[in-house]
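The block underneath contains the structure these notes are about, expressed in structure tokens.
Number of protein chains: 2
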Amino acid sequence: MAPERGFPAEEFAARVDRAQARMAELGVDAMIVSTEPEVRYFTGFHTPFWQSPTRPWFVVVPATGKPVAVIPSIGAASMASTWIDDIRTWSSPQPDDDGVTLLADTVSELAGPDGRIGMPIGPETHVRMPLSDLDRLRERLGEFHDVTDVIRSLRMVKSEREIAKHRHICGIVSDAFDRLPEILSIGMSEREAFQAFRAEIIAQGADDVPYLVGATGPGGIDDIIRQPSDRPIADGDLLIFDTGSTYDGYFSDFDRNFAFGSATQDAIDAYRAVWEATEAGLAACRPGATTTDVFAAMNEVLKANGSLGNDVGRMGHGLGMQVTEWPSHTATDDTMIEENMVLTLEPGLLWAPGKAMVHEENVVVRSGGAELLSRRAAPELPII
Amino acid sequence: MAPERGFPAEEFAARVDRAQARMAELGVDAMIVSTEPEVRYFTGFHTPFWQSPTRPWFVVVPATGKPVAVIPSIGAASMASTWIDDIRTWSSPQPDDDGVTLLADTVSELAGPDGRIGMPIGPETHVRMPLSDLDRLRERLGEFHDVTDVIRSLRMVKSEREIAKHRHICGIVSDAFDRLPEILSIGMSEREAFQAFRAEIIAQGADDVPYLVGATGPGGIDDIIRQPSDRPIADGDLLIFDTGSTYDGYFSDFDRNFAFGSATQDAIDAYRAVWEATEAGLAACRPGATTTDVFAAMNEVLKANGSLGNDVGRMGHGLGMQVTEWPSHTATDDTMIEENMVLTLEPGLLWAPGKAMVHEENVVVRSGGAELLSRRAAPELPII
């Protein structure tokens, strides 16, 4: 059964409590966030309207009490349906002062004249407003204290309600992948294959398929972030599909590899090697280990199988309201893995020049170790 | 027939030529862009991978010659398939220097030690990199000269190839809207109605439906940017669907309103008033007029019909690689309308407290006036 939509107010209150505890440690009197996942995390405000770059949106988390929304009036009705009470609006677009004064006044009121103002300004963040307006905001409020780690540490560890949404979408996408041998056939174009898979995921119950990449290639694939082409699938092709699909705003993110008609022994061996690397990652991924331990466990298997390296820069990452989130499994990331993190394991093997094999699974970290959210890929390369 | 995918190199060369002519007027020696539509506009690099916030991506447009890509190595193969020759990569994520030095070195090389560096920092832009890294970049390169108007003036006016993509997706979505009376029925939940409509748009040939909002309500609707709920559609409901769907990375963006079973005379009158306002907008939207003229033409009809105002802040906007782009039809925008702009006309009427009616059509501006891309909405409220 599909998990309940949205979250009760107590979930948001708990998030804000944890944020405020961290803010207190840092002496931060108010925190400004401006991007979709940050605003949604603290308010529940959920709309695709963010795709329009016209209007900035802000939420201020004060040292105590509920967050305050500082948003364009077009969002007032939607925001009023969340747990937020204090909603301050202006009529946007208004290029000469698109919320800057209203935001600065609100922050000054909440943090006091000498308050320390936090904003996430570190890795994997950006500030979603024009830089010229951001400079004006800094003139009013002074420099921002980096609170990336406050947001990061909260969002990396999921609640059971969030995990249920991840599990649900991972199940849906697993079912859709299972149907691929029935849906795809030699002679279809990549584009037709993409659209058939996208439709299948929606039919299985996903809300949307915001992320879908993949490629086919004779005996191997050189580019794993590609959009589809009109190339027809041929006998002997390998195919990779990698999708980030959503249920209630939470992502799955895993891939599957298939061969059509036949496969070379090298491709079969590469598939098996990356599957074994994922096994090593699953075993290493437990509370108290680090992302670097997980990387090393997978990398060792890949090196033993003749890896020529890879261009991905990491072997998996966090997963949540965005298709990728902190942390990253790299040789230097060293993030301590905690219970209830939702992570991907994504080892990649360049098994010949221009031929990459990437596997990906989604897990939630439990006290005993990694629990799969995606249905584990077949241990041997499936041939359609 | 569907327009050809992508663009020939000459299209990108023409864009860069126009940008460089504007840069020369401003004395700008190199321009940095960092967001998906900006990078795609100058390179053709097209991937949903941008949804991952982990890695920054940059393109530098020099005063002469082709743009230079400064990107994570994961994107090298995809970027190499575009018309770009000079691709500089680093292995990302690398939080201690995630492209900052490589970008600064590249810009210094292209612009010279005392070069004037441009970046779009004005309305409807943001810089897609961590603010702490952006500050380091400014330390290396000095302050940026605002080139929002360079990007804006180029992107607002579409080529025939771009217009063909807009026309194609608008036709697809028009066909899908025409099928709504067969697809929807009283008793379906909003969510089921959304998914049925999304599936229909995909089945008609859209690549994706990134933007879909809407609502139902007894006799009227108070929130036009909402996600669907489990509320079942009831006799006497009004329904609005507003979708931004894509073909080859170009958007449609228009809505349709329906009643189920029956409608009140007030709702029928409100529909007619907004339809008439759109007619006035269509007549006013021609080269040499301004966005403010278009706004005024529509607003006059709405006021004559007892409008209580609206929360949208504008009555339409530009359309392109993003579901909304510059300019905006507002009382103060005053952008000169030019041939080959693709625009939405989006009058909104608050006809009773909590009851909004919004219509939207997509047009391309031709020498003789507005040419519809969407199939014109019925003049009277359709009842399903």
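Protein sequence lines correspond, in order, to chains A and B. Mapping of the first sequence onto this note's numbering: position 365 corresponds to residue 365, and the numbering continues sequentially without gaps. Mapping of the second sequence onto this note's numbering: position 356 corresponds to residue 1356, and the numbering continues sequentially without gaps. Cβ atoms here follow ideal geometry from the backbone N, Cα and C, with glycine treated the same way. This one's a predicted model, so the numbers in the text were calculated from it and none came from an experiment.
The DSSP-derived three-state label of residue 1037 (chain B) is helix. Exclusion of the five residues before and after residue 1205 (chain B) leaves 1172 as the residues of its chain whose Cβ lies within less than 6 Å of its Cβ.
For residue 1148 (chain B), the enclosing alpha helix (DSSP H) starts and ends at 1148-1156. Pairing residue 1210 (chain B) with residue 1236 (chain B) gives a Cβ-Cβ distance that is not under 9 Å.
Against residue 1204 (chain B), chain A offers no close residue; the least beta-carbon distance is about 11 Å (beta-carbon pairs closer than 9 Å). In the same chain as residue 331 (chain A), and ignoring 5 residues on each side of it, the C-beta atoms closer than 7 Å to its own belong to 292 and 295, in chain order.
One thing to note: residue 84 (chain A) has its Cβ within 9 Å of the Cβ of residue 45 (chain A).
Between the C-alpha atoms of residue 1274 (chain B) and residue 1283 (chain B) there is a straight-line separation of about 14 Å.
The beta carbon of residue 1099 (chain B) sits closer than 7 Å to the beta carbons of 1056, 1058, 1070, 1090 and 1092 from its chain, once the five residues preceding and following it are set aside; these are given in chain order. Within the segment 1187-1203 of chain B, those residues whose Cβ lies closer than 8 Å to any Cβ of chain A are, in chain order, 1195, 1198, 1199, 1202 and 1203. Excluding five sequence positions before and after residue 2 (chain A), the CB atoms of its chain that fall closer than 8 Å to its own CB belong to 168, 205 and 247, given in chain order. Taking 9 Å as the cut-off, the Cβ atoms of residue 1251 (chain B) and residue 1343 (chain B) do not count as close.
Looking at the DSSP output, residue 1271 (chain B) sits in no beta bridge, so it has no partner there. Counting only residues of its own chain and dropping the five nearest sequence neighbours on each side, residue 1157 (chain B) has a CB closer than 8 Å to the CB of 1338, 1339, 1340 and 1341. Beta-bridge partners assigned by DSSP to residue 1189 (chain B): B:1232. Here DSSP, grouped into helix, strand and coil, assigns residue 1305 (chain B) to coil. Between residue 183 (chain A) and residue 197 (chain A) the beta-carbon gap is near 7 Å, inside 8 Å, which marks them as a contact.
An exposed status is given to residue 13 (chain A), since fewer than 16 other beta-carbon atoms sit within 10 Å of its beta-carbon. Bounds of the alpha helix (DSSP H) holding residue 172 (chain A) are 160-178. In terms of beta-carbon proximity, residue 1211 (chain B) lines the interface with chain A, with at least one pair separated by less than 9 Å. Within the same chain, Cβ atoms closer than 6 Å to the Cβ of residue 1327 (chain B) are found at 1291, 1318, 1333 and 1335, the five residues on either side in sequence being excluded.
Taking 9 Å as the threshold, the shortest C-beta distance from residue 1086 (chain B) to chain A does not fall below it. Using a Cβ distance threshold of 9 Å, residue 53 (chain A) and residue 1324 (chain B) count as a contacting pair. When the alpha-carbon of residue 150 (chain A) is set against those of A:315, A:15, A:308 and A:363, the nearest one is in A:15. Distance from the CA atom of residue 370 (chain A) to the CA atom of residue 220 (chain A), rounded to whole angstroms, is 30 Å.
Residue-level contact check: residue 140 (chain A) does not touch chain B, since none of the beta carbons of chain B fall below 9 Å from its beta carbon. Using a Cβ distance threshold of 9 Å, residue 358 (chain A) and residue 224 (chain A) count as a contacting pair.
Taking a C-beta distance under 9 Å as the contact criterion, residue 1127 (chain B) and residue 1030 (chain B) do not qualify as a contact pair. Beta-carbon to beta-carbon, residue 1270 (chain B) and residue 1383 (chain B) are separated by about 14 Å, too far to satisfy the 8 Å threshold.
Secondary structure of residue 1225 (chain B) (DSSP, three-state): coil.
Taking a Cβ-Cβ cut-off of 7 Å, the neighbours of residue 1223 (chain B) in chain A comprise 77 and 78, given in sequence order.
Counted as a single uninterrupted DSSP element, the beta strand (DSSP E) harbouring residue 1068 (chain B) occupies residues 1068-1072. For residue 1102 (chain B), the uninterrupted alpha helix (DSSP H) segment begins and ends at 1100-1111. Annotated three-state conformation of residue 1326 (chain B) is strand, per DSSP. Within the segment 38-51 of chain A, 46, 47, 48, 49 and 51 place their CB atoms closer than 8 Å to a CB of chain B, listed in sequence order.
Residue 1122 (chain B) and residue 136 (chain A) have their alpha carbons spaced roughly 12 Å apart.
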